[in-house]
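Data first, discussion second: the structure below is written as structure tokens.
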Amino acid sequence: MSKVLVTGGCGYIGSHTLVELLAAGFEPVSIDDNSRSNESILDGVERITGKRVKNYKVDLRDARLTDAVFAEHRDAIAVIHFAAYKTVPESVAKPLLYYDNNINSLLNVLQCTDEFGIPSFIFSSSCSVYGNSKELPVTEATPFGEAECPYARTKQMGEQIIQDFSKVSKTRFVSLRYFNPVGAHPSGEIGEVPIGEPDNLVPRITRTAASNLNLSPNLNLNLNLNLPLLVVHGNDYPTRDGTCIRDYIHVSDIARAHVLAIEYLQKSPVPRPPSLVPHPESIVHSPESRVRTFNLGSGVGTTVLEAIGAFERATGQKLNYRIGPRRPGDVEAIYADNKKAAAELGWQPRFDLDDMMRTAWQWEQTAKGRG
Ligand SMILES: NC(=O)c1ccc[n+]([C@@H]2O[C@H](COP(=O)([O-])OP(=O)(O)OC[C@H]3O[C@@H](n4cnc5c(N)ncnc54)[C@H](O)[C@@H]3O)[C@@H](O)[C@H]2O)c1
Numbered sequence: 016m017s018k019v020l021v022t023g024g025c026g027y028i029g030s031h032t033l034v035e036l037l038a039a040g041f042e043p044v045s046i047d048d049n050s051r052s053n054e055s056i057l058d059g060v061e062r063i064t065g066k067r068v069k070n071y072k073v074d075l076r077d078a079r080l081t082d083a084v085f086a087e088h089r090d091a092i093a094v095i096h097f098a099a100y101k102t103v104p105e106s107v108a109k110p111l112l113y114y115d116n117n118i119n120s121l122l123n124v125l126q127c128t129d130e131f132g133i134p135s136f137i138f139s140s141s142c143s144v145y146g147n148s149k150e151l152p153v154t155e156a157t158p159f160g161e162a163e164c165p166y167a168r169t170k171q172m173g174e175q176i177i178q179d180f181s182k183v184s185k186t187r188f189v190s191l192r193y194f195n196p197v198g199a200h201p202s203g204e205i206g207e208v209p210i211g212e213p214d215n216l217v218p219r220i221t222r223t224a225a226s227n228l229n230l231s232p233n234l235n236l237n238l239n240l241n242l243p244l245l246v247v248h249g250n251d252y253p254t255r256d257g258t259c260i261r262d263y264i265h266v267s268d269i270a271r272a273h274v275l276a277i278e279y280l281q282k283s284p285v286p287r288p289p290s291l292v293p294h295p296e297s298i299v300h301s302p303e304s305r306v307r308t309f310n311l312g313s314g315v316g317t318t319v320l321e322a323i324g325a326f327e328r329a330t331g332q333k334l335n336y337r338i339g340p341r342r343p344g345d346v347e348a349i350y351a352d353n354k355k356a357a358a359e360l361g362w363q364p365r366f367d368l369d370d371m372m373r374t375a376w377q378w379e380q381t382a383k384g385r386g
């Protein structure tokens, strides 16, 4: 069985990816310090797949400990690097924490990937690299925009570091730019566990609906958060109903794309041997040929009010919300052109918006009983 090292394997997207890797016959090993997750999510992965994934509780900023885990798994055929902090307002309040964690972890993981000659590397990037793009839908060729927050800048920097490193490394790289991953595994066994007050729309929707039904949240990390009312941040944007547009994509679709990306890298030609002295040819070498970048979005823009409508339709729950002022830092509209992922990875989303809302709601209710 081919082994895959998954950093951040206990997180939201990481845990769903463990399920897809196991289903595809890979042997995932997680490295996660659980600073933003709970290892008990691996119980859910086991209930779905019948397999227990080992997690190394290691802070990837610690080069020595990271190296020790890689040394134990030098036979891995790929690394998927999810581990990062991802909360936009927190990154604004604590930029150094974000640069320290997201960049130093990446550097150590790249160093080890190279040291042990692991052939494939997949990086979790984000549509936030595009900033407030005027060009919609955004394609992989759309240039980086001004980063709206330090978190987004860590993703831009991460991609740039990988671009530079790819020129001297034997490893092959894919950067996956996720749009707005939502929903939960259809089994209801795993889903998103936001720490404290959720920042994203769908967890806020489900938490508000749960609060109104007096379903008290009792997940370890969620400390009885009650959200009686959802505030929609602004309805005066130049969009079809005045609210912001996002591209929601089911987390299991995102997870499956990682399996396809590994298979894609396994099939792609080995890059020319690295050289520290750049050959004149490599100067004109397109960066795309060493790092392949893919948008992972549904390709459909959905307004906040449409998302609320989908939640009410899919679950039969009426949502308590009101319109509030705009929130600083919010991008007005963004959605993906996903044709490249379809053409080259053979990736097509399988879940629609109603599925995303239904599974997110199911998880919100199931998770209650588990606490
Ligand atoms: N969820 C989204 O909306 C979204 C969108 C775009 C990109 N991304 C990116 O995808 C990746 C996964 O996101 P997620 O939603 O699963 O986040 P998550 O917070 O659920 O998972 C990240 C995991 O990484 C771990 N981690 C963080 N720093 C670590 C460190 N120094 N050492 C070891 N483990 C560490 C955390 O404990 C957590 O389990 C992140 O890189 C994120 O930036 C997420």
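Mapping of the sequence shown onto the numbering used here: residues 16 to 386, in sequence order.
Glycine is no exception: its CB is placed at the ideal position from the N, C-alpha and C atoms.
Since this is a predicted model, take the numbers as computed values, not measurements.
Looking at the DSSP output, H265 sits in a beta bridge with V197.
Relative to A91, the option among T221, T157, Q281 whose CA is nearest is Q281.
Residue environment for Q171: buried (at least 16 other C-beta atoms within 10 angstroms of its C-beta). With a threshold of 7 Å, the Cβ atom of A99 counts as near ligand 1, since some heavy atom of the ligand is closer than that. Cβ contact annotation for D369 (same chain, cutoff 8 Å, sequence separation greater than five): A325, R328, A329, in chain order.
Its chain contains R219, R222, T223, S226 as the residues whose beta carbon lies nearer than 7 Å to that of L242, once the 5 sequence neighbours on both sides are disregarded; these appear in chain order. DSSP places P43 outside any alpha helix (DSSP H); the residue lies instead in the beta strand (DSSP E), whose first and last residues are 42-46.
At a cut-off of 7 Å, the beta-carbon of Y27 counts as near ligand 1: some heavy atom of the ligand is closer than that. Non-local beta-carbon contacts of K66 in its own chain, meaning distances under 6 Å to residues more than five positions away in sequence, involve L37 in chain order.
In this structure, the straight-line span from the alpha carbon of G59 to that of N335 is close to 31 Å. The beta carbon of V247 lies closer than 8 Å to those of T258, V319, L320, I323, Y336, R337, I338, G339 in the same chain, with the five residues before and after it left out. D179 and S139 have their C-alpha atoms roughly 17 Å apart. Distance from the CA of R261 to the CA of L311, rounded to the nearest whole angstrom, comes to 13 Å. Minimum Cα-Cα distance from F136 among the listed residues V306, Y166, M371 corresponds to V306.
Under the three-pair Cβ rule at 8 Å, the region 64-84 counts as touching the region 105-125. Beta-bridge partners assigned by DSSP to R365: none are found.
Within the chosen limit of 7 Å, ligand 1 reaches the beta carbon of T22 through at least one heavy atom. The residue from F131, T128, P165 with its alpha-carbon nearest to that of G146 is P165.
Each of G331, S181, G173 was checked against the Cα of M372, and the nearest Cα belongs to G331. In this structure, R51 has its beta carbon less than 7 Å from a heavy atom of ligand 1.
The residues D268, in chain order, have a CB closer than 7 Å to that of R365 in the same chain once the five nearest residues on each side in sequence are set aside.
A residue is called buried once 16 or more other Cβ atoms fall within 10 Å of its Cβ, and L112, having fewer, is exposed.
Taking 8 Å as the cut-off, the beta carbon of A375 is found no closer than this to the beta carbon of G211.
In this structure, the beta-carbon distance from T22 to I46 falls below 8 Å.
Distance from the CA of K72 to the CA of V346, rounded to the nearest whole angstrom, comes to 35 Å. In its chain, beyond the 5 residues on either side, T223, N335, Y336, R337 have a beta carbon closer than 8 Å to the beta carbon of L244. Boundaries for K101: no alpha helix (DSSP H) harbours it, and the DSSP string shows neither H nor E there.
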